[in-house]
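Working notes, structure below.
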Amino acid sequence: MKRAVFLACLASAFLLSGCSVFSSINTVKECNYTFAGLDGFSYAGVKLDKLKSPTSLTLTDSINILTALRDKNTKLTFNTLVDIENPHSGTASVEKMDWILFLDDVEMLSGINNDTIKVEPNATSRATIQANVDPTKVLNGNSLENLWTLYCKLSGRDTSKSSKVTLKLKPTVGGHTLKDYLTLDKTL
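Counting from 180, one number per residue, gives the positions in the sequence shown under the working numbering.
So this is what it looks like as structure tokens:
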């Protein structure tokens, strides 16, 4: 008898836990996601956001960038900004987020954001997903000009031709990763 009661209590606990995870997953899936942009570009310790052109680099910055390109040991870092609106009465919480970034439908880079993202009920929060990419793997050649072109495309500074940036997100909630990617597009 005691064993039957114990098993019934254990089964109820698992069922309630499963319902809670299912509810959390639905809350995250039903949030509104907006690709807000990219910022915080940096390479070899040089903050690229403030530069007007490659010729505006100081001699020290140029040497740092060229040395990093030659040695292939520095990552281009930047932040991907996503606004998440939670229209529900419960907090939306994401444990980690797999992501893929495309430029004009060509996959440029991917990664995993292990920072917990929480969005309070009936609120909007901006999630910052930091990206690190080895530019020598996505560039055709190791030139400073190619690095600048990549930066201009991703940051929207290249206005000669608009580019489509697509961000695909796959959140993990309660230890369960969503089956499908959420797709966010932005034209720069």
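By construction, the Cβ of each residue, glycine as well, lies at the ideal position given by its N, Cα and C atoms. The structure displayed is predicted, hence computed values, not measured ones.
Name the one or two DSSP bridge partners that residue i has.
i	result
G290	W278
T362	K347
V352	H355
V285	L282
V225	Y222
Under DSSP, the beta strand (DSSP E) around residue i begins and ends at which residues?
i	result
N311	302-312
S221	211-222
N258	255-265
S272	271-273
K297	296-298
Would you check if the distance between the CB atom of residue i and the CB atom of residue j is smaller than 7 Å?
i	j	result
A306	C210	no
T295	E274	yes
S334	L217	yes
Y222	L255	yes
L232	G353	Checking the sequence, you will find Ser at residue 232 rather than Leu. Not in contact: S232 and G353 (Cβ atoms no closer than 7 Å).
K365	F220	no
N243	A302	no
Y388	L238	For residue 388 there is no data in the structure shown, the boundaries of the chain being 180 and 367.
Which residue comes first and which comes last in the alpha helix (DSSP H) that contains residue i?
i	result
S368	Lying before the first or after the last residue shown, residue 368 is absent from the chain, which here runs from 180 to 367.
What is the C-beta distance between residue i and residue j, in whole angstroms, given that I count them as a contact (C-beta under 8 Å)?
i	j	result
K347	L361	7 Å
D277	I291	5 Å
G269	T206	5 Å
L282	S342	6 Å
L363	Y212	6 Å
Is any non-hydrogen atom of the ligand FMN found closer than 6 Å to the C-beta of residue i, if you look at the structure I gave you?
i	result
A310	With respect to small molecules bound, the structure shown includes none, and the ligand FMN cannot be examined in it.
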